[in-house]
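There are 2 protein chains.
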Amino acid sequence: MATKTLAQWATNLSPSSLPASVRQAAVKSLYNYIGCAIGGSNHPAVTKAYDALSPFFGPATSSLYGSKGAVKTDAQHAALLNGIASHVHDYDDTHLATIIHPTGPVASAVLAYAEYKGSITGPEVLCALTAGIEASCKIGLAVWPEHYDIGWHITSSTGSVGAAVGVGKLMKLSEEQMAHAIGLAAVQVVGLREMFGSDTKSFHPGRAAQSGLLAALLAEKGYTSSPQALEAKRGWANVVAGGGTPKLEHYLSELGQKWEIEANAFKPFPCGIVCHPAIDGCIQLHQELQSKGLKPALIQKIEARVHPLVIELTSKRTPKDGLESKFSVFHGAAVGLLYGKAGPAQYADEVVRDQTVIDIRDKIDATADESLAADETYLTLYFADGSKLEKHTKHAVGSLEVPMSEEQLTEKFVDQAALVLSEGARQASDAAWKISEATDVAEVLRML
Amino acid sequence: MATKTLAQWATNLSPSSLPASVRQAAVKSLYNYIGCAIGGSNHPAVTKAYDALSPFFGPATSSLYGSKGAVKTDAQHAALLNGIASHVHDYDDTHLATIIHPTGPVASAVLAYAEYKGSITGPEVLCALTAGIEASCKIGLAVWPEHYDIGWHITSSTGSVGAAVGVGKLMKLSEEQMAHAIGLAAVQVVGLREMFGSDTKSFHPGRAAQSGLLAALLAEKGYTSSPQALEAKRGWANVVAGGGTPKLEHYLSELGQKWEIEANAFKPFPCGIVCHPAIDGCIQLHQELQSKGLKPALIQKIEARVHPLVIELTSKRTPKDGLESKFSVFHGAAVGLLYGKAGPAQYADEVVRDQTVIDIRDKIDATADESLAADETYLTLYFADGSKLEKHTKHAVGSLEVPMSEEQLTEKFVDQAALVLSEGARQASDAAWKISEATDVAEVLRML
Chain D
1 MATKTLAQWA TNLSPSSLPA SVRQAAVKSL YNYIGCAIGG SNHPAVTKAY
51 DALSPFFGPA TSSLYGSKGA VKTDAQHAAL LNGIASHVHD YDDTHLATII
101 HPTGPVASAV LAYAEYKGSI TGPEVLCALT AGIEASCKIG LAVWPEHYDI
151 GWHITSSTGS VGAAVGVGKL MKLSEEQMAH AIGLAAVQVV GLREMFGSDT
201 KSFHPGRAAQ SGLLAALLAE KGYTSSPQAL EAKRGWANVV AGGGTPKLEH
251 YLSELGQKWE IEANAFKPFP CGIVCHPAID GCIQLHQELQ SKGLKPALIQ
301 KIEARVHPLV IELTSKRTPK DGLESKFSVF HGAAVGLLYG KAGPAQYADE
351 VVRDQTVIDI RDKIDATADE SLAADETYLT LYFADGSKLE KHTKHAVGSL
401 EVPMSEEQLT EKFVDQAALV LSEGARQASD AAWKISEATD VAEVLRML
Chain X
449 MATKTLAQWA TNLSPSSLPA SVRQAAVKSL YNYIGCAIGG SNHPAVTKAY
499 DALSPFFGPA TSSLYGSKGA VKTDAQHAAL LNGIASHVHD YDDTHLATII
549 HPTGPVASAV LAYAEYKGSI TGPEVLCALT AGIEASCKIG LAVWPEHYDI
599 GWHITSSTGS VGAAVGVGKL MKLSEEQMAH AIGLAAVQVV GLREMFGSDT
649 KSFHPGRAAQ SGLLAALLAE KGYTSSPQAL EAKRGWANVV AGGGTPKLEH
699 YLSELGQKWE IEANAFKPFP CGIVCHPAID GCIQLHQELQ SKGLKPALIQ
749 KIEARVHPLV IELTSKRTPK DGLESKFSVF HGAAVGLLYG KAGPAQYADE
799 VVRDQTVIDI RDKIDATADE SLAADETYLT LYFADGSKLE KHTKHAVGSL
849 EVPMSEEQLT EKFVDQAALV LSEGARQASD AAWKISEATD VAEVLRML
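Chains as they are written, first to last, in the numbering used here: chain D, 1 to 448; chain X, 449 to 896.
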């Protein structure tokens with residue numbers, strides 16, 4: 001029943017049936033996504049992919065956001081390339097219960113298709129995005145945590161289904177077609193955690209977007225799949241659950257009751273979310289040091305007690321470049337302490353290799369403490385005179401308890417866009433905030 | 449080391465280093481593939497996919513074989529569509545130790561790229577095809593049987609890696625680039641067994657071809673992956689092994705020593721290979737009945753003792769159409785007995801719904817016998833007068849012990865092509881046999 005349940009729910013969802021809080025979460029998710037896609041657009045991974053694939057581009061209908069300026073490509077390649085760009089700085093959003101970054105795969109497909117199709121409204125896009133994100137997160141919950149533990153990159157391994165559902169909404173697929181689209185997406189399982197630290201990590205959500213779009217396109221023309229694609233003995237959930245017992249029925253029964261998009265958080269720092277509490281604490285300590293007139297160079301030792309996942313995922317002691325530094329809680333903490341900021345500019349290669357940063361980084365000890373919550377950290381700075389400074393971060397900024405405000409989201413967007421666009425970062429931000437009210441989203445997307 | 453071992457071996461393989469028997473196996477595999485791709489080209493699944501995707505086609509460089517006539521599309525879509533066509537009648541080849549149908553994903557990508565690139569010779573294509581097939585089958589062996597048991601369609605789940613290696617050979621990738629291509633392909637795991645019986649089954653090898661091509665294209669431009677993509681704790685093999693212990697090192701150490709392509713068999717009948725022994729036996733019984741002047745209608749009951757996998761995979765008692773009949777040992781046996789033939793024409797919808805066929809089909813009992821080999825069957829026909837006729841098939845035609853001859857392969861090709869092409873089936877066959885000697889394979893492919 002799970003595939004049918006999801007197809008039926010998604011098919012019946014309408015823009016007017018979204019609760020206001022859900023709609024607001026979708027607006028923020030979409031806005032944050034566009035900022036990230038612009039911010040990542042001039043990353044070498046995107047450039048390499050663009051160069052590799054431009055000989056195969058079809059009719060230019062769908063924009064590549066950001067640095068490629070007015071460049072368009074066919075919808076399938078736009079979904080792939082914007083999807084890569086949106087994730088390449090590890091700066092996107094996070095559904096905290098599953099560590100899924102849900103908007104990238106869904107929005108990359110939905111927007112590329114909307115611009116191709118034309119005359120699709122902002123509210124329709126929000127509805128499609130919401131349907132897709134609910135799909136990804138619910139099936140992700142059903143196989144969490146075993147699925148992630150054995151090594152799947154859960155953002156993309158669930159993202160193709162979300163993208164198919166999202167595009168399927170814009171196509172107004174019938175329930176039966178939607179089920180086929182879900183099945184066609186479910187057989188394209190993309191993303192292994194082994195790729196973290198290489199270009200292929202960001203390929204994952206891009207390819208998931210493209211795979212989901214492809215699934216919906218085929219289903220629209222009557223291509224058939226299994227109506228039990230998700231729940232069958234040899235369907236998606238059992239195959240990818242890694243020995244766990246998928247709880248599809250349970251989570252899908254909550255569709256429309258409990259909205260996962262409301263639990264979508266936005267990253268304040270362009271790196272793995274697990275090290276955000278330590279960075280947040282260090283930024284607060286930077287401010288305290290400043291107010292006391294103390295220089296970070298006076299610090300002799302820094303102790304961090306962190307959740308065990310921080311050590312497991314982000315313990316690169318000596319990152320060589322910006323990419324590796326995203327998997328280094330030590331780098332994030334160091335720039336937080338030194339500069340009071342850990343934005344894209346602080347993850348540039350030059351900063352990672354800066355001796356001042358390295359000196360602070362090497363003074364940091366991090367120990368796993370199983371008693372801590374995932375977004376909690378204790379930091380202690382030790383000074384030469386024997387004094388110390390402590391900071392307990394109970395919830396990091398960007399968590400559900402301390403969400404980023406619209407102003408903080410705008411600053412994040414503009415900071416990213418300013419690094420990529422020669423001008424117009426603020427205008428792009430204004431346009432992106434308004435996309436949800438557009439009568440034809442294609443007109444807005446062309447301006448990004 | 450597994451990823452490096454495979455990349456190194458593939459990079460060093462040259463057309464002149466292929467043993468004659470390997471070269472001959474590659475020629476047959478390629479020829480058989482082309483016949484199947486032509487034969488499947490007017491199947492509704494291919495037509496639906498073509499209609500869905502034609503708005504996105506890029507520059508027309510690569511041919512769609514068969515019914516689409518002189519139609520070309522971009523190499524990525526050609527890989528997808530030809531890959532679907534090659535598998536849609538379940539008539540392709542089989543690496544018996546893994547039940548992988550290895551040529552579809554690899555050849556669909558290699559030929560589409562060769563035609564795009566131009567000036568690629570027949571021997572280069574054979575070398576690329578061989579490298580790709582060895583890659584797919586070796587990594588398939590490493591995760592067999594657990595990988596298949598939990599529900600992956602092993603043809604496509606290994607096929608993207610094979611396709612990437614094959615295309616990578618034509619690109620003359622460095623060893624490092626080849627390793628990245630393998631990694632990029634390994635994260636695109638396509639194909640669930642739940643889809644058997646729907647259009648999505650044939651989508652699997654097509655998408656694997658396209659995914660492998662994409663992986664090689666990205667790697668060629670420096671897109672990076674993990675150098676331990678296959679063997680890492682959270683790399684391909686461990687993630688997809690379904691609880692088994694992958695034996696990558698063992699099988700990859702045999703690269704170039706033991707050639708899997710030599711163990712590639714060609715299907716004499718367009719259906720799941722497990723029911724071939726029963727069909728072969730029924731065709732032999734048809735000939736005996738004819739020589740004795742006995743009509744099949746005189747048969748009261750037919751007993752078949754078969755390998756348990758036959759019951760597990762092909763026990764559809766009342767198939768509704770041609771597609772379902774491929775998963776019915778009863779249908780295959782019935783047309784074998786009635787017509788002495790089980791080619792594509794005998795799997796048409798009309799034949800499946802023909803009352804004469806249904807009458808015979810309903811007289812068949814099949815029981816699993818664990819003592820039998822996978823390609824062995826005992827058949828007994830019971831007649832109204834109390835007499836009976838028995839047939840023991842020790843090895844089915846198309847097995848390694850009773851391989852299809854070049855004449856049988858040619859008949860298979862021409863039978864398929866004649867159903868699709870208004871004329872020129874024999875000429876297409878002649879061209880396909882000669883592709884391995886071409887100085888530019890693009891010139892031959894245009895004629896198909």
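Note that beta-carbon positions come from the ideal geometry of N, C-alpha and C, so glycine has one too.
Would you mind sorting residue i into buried or exposed? The rule is 16 or more other CB atoms within 10 Å of its CB.
i: D/D321; result: exposed
i: X/E885; result: exposed
i: X/G834; result: exposed
i: D/T439; result: exposed
i: D/K434; result: exposed
i: D/H101; result: buried
i: D/R305; result: buried
i: X/R641; result: buried
i: D/T11; result: buried
i: X/A611; result: buried
i: D/A70; result: exposed
i: D/E407; result: exposed
i: X/S659; result: buried
Here's a check: name, in chain order, each residue in its chain whose Cβ is nearer than 6 Å to the Cβ of residue i, leaving out the five neighbours to either side.
i: D/N42; result: S67, V420
i: D/G206; result: L80, G83, I84
i: X/T521; result: F505, A508
i: X/M895; result: A879
Just tell me which of the options has its CA closest to the CA of residue i.
i: X/S819; options: X/Y481, X/P756, X/M449; result: X/P756
i: X/D540; options: X/Y481, X/W707, X/G607; result: X/Y481
i: D/F383; options: D/I302, D/S291, D/C275, D/G336; result: D/I302
i: X/K811; options: X/A745, X/E854, X/E849, X/V758; result: X/A745
i: D/S21; options: D/E194, D/C137, D/L338, D/N264; result: D/N264
i: D/P270; options: D/G39, D/A135, D/S17; result: D/G39
i: D/P59; options: D/H77, D/Y50, D/Y65, D/A52; result: D/H77
i: D/G222; options: D/H180, D/K201, D/A345; result: D/H180
i: D/Q188; options: X/Q625, X/A656, X/G631; result: X/A656
i: X/I630; options: X/T815, X/E854, X/M449, X/L837; result: X/M449
I'd like the list of long-range same chain contacts for residue i, defined as Cβ closer than 7 Å, with 5 residues on each side in sequence excluded.
i: X/V903; result: Nothing can be reported for residue 903 of chain X: it is not among the residues displayed for chain X, which extend from 449 to 896.
i: D/G242; result: E146, H147, D149, I150
i: D/G256; result: W9
i: X/R874; result: V862
i: X/T804; result: L786
i: D/T410; result: S429
i: X/L544; result: A711, A713, L848
Any beta-carbon of chain X closer than 8 Å to the one on residue i?
i: D/H89; result: no
i: D/Y223; result: yes
i: D/A232; result: yes
i: D/T200; result: yes
i: D/P59; result: yes
i: D/H204; result: yes
i: D/R461; result: Here chain D has residues from 1 to 448 only, and residue 461 of chain D is not among them.
i: D/V239; result: yes
Please confirm whether residue i has its beta-carbon closer than 8 Å to some beta-carbon of chain D.
i: X/I547; result: no
i: X/L733; result: no
i: X/G683; result: yes
i: X/G531; result: no
Report the neighbours of residue i on chain A: residues whose CB is nearer than 8 Å to its CB, in chain order.
i: D/G191; result: Looking at the structure shown, chain A is missing, and the protein chains on hand are D and X.
Kindly examine the ligand FMN and report whether one of its heavy atoms sits closer than 7 Å to the Cβ of residue i.
i: D/V239; result: Among the components modelled here there is no ligand, and therefore nothing to report on the ligand FMN.
Only counting the same chain, and skipping five residues up and downstream in sequence, which positions put a Cβ closer than 8 Å to that of residue i?
i: D/W152; result: V189, G191, L192, R193, V240, G242
inquiry  = If the cut-off is 7 Å on Cβ atoms, which residues from the stretch 753-787 of chain X count as contacting chain D, listed in chain order?
reply    = Residues passing the 7 Å Cβ filter: none.
ask   = Which residues, in order along the stretch 589-603 of chain X, keep a beta-carbon less than 7 Å from a beta-carbon of chain D?
value = Listed in sequence order: I598, G599, W600.
query = According to a CB-to-CB cut-off of less than 9 Å, which residues of the stretch 339-363 of chain D neighbour chain X?
reply = Answer in chain order: no residues at all.
Residues of the stretch 686-720 of chain X whose Cβ lies closer than 7 Å to any Cβ of chain D, in chain order = Taking 7 Å as the cut-off between beta carbons, the residues of the stretch 686-720 of chain X near chain D are N686, V687, G691, in sequence order.
inquiry  = Please identify, using Cβ separations under 8 Å, the residues of the stretch 493-504 of chain X that lie next to chain D, in order along the chain.
reply    = Shown in chain order are the members of the stretch 493-504 of chain X whose Cβ falls below 8 Å from a Cβ of chain D: A493, K496, A497, D499, A500, L501, P503, F504.
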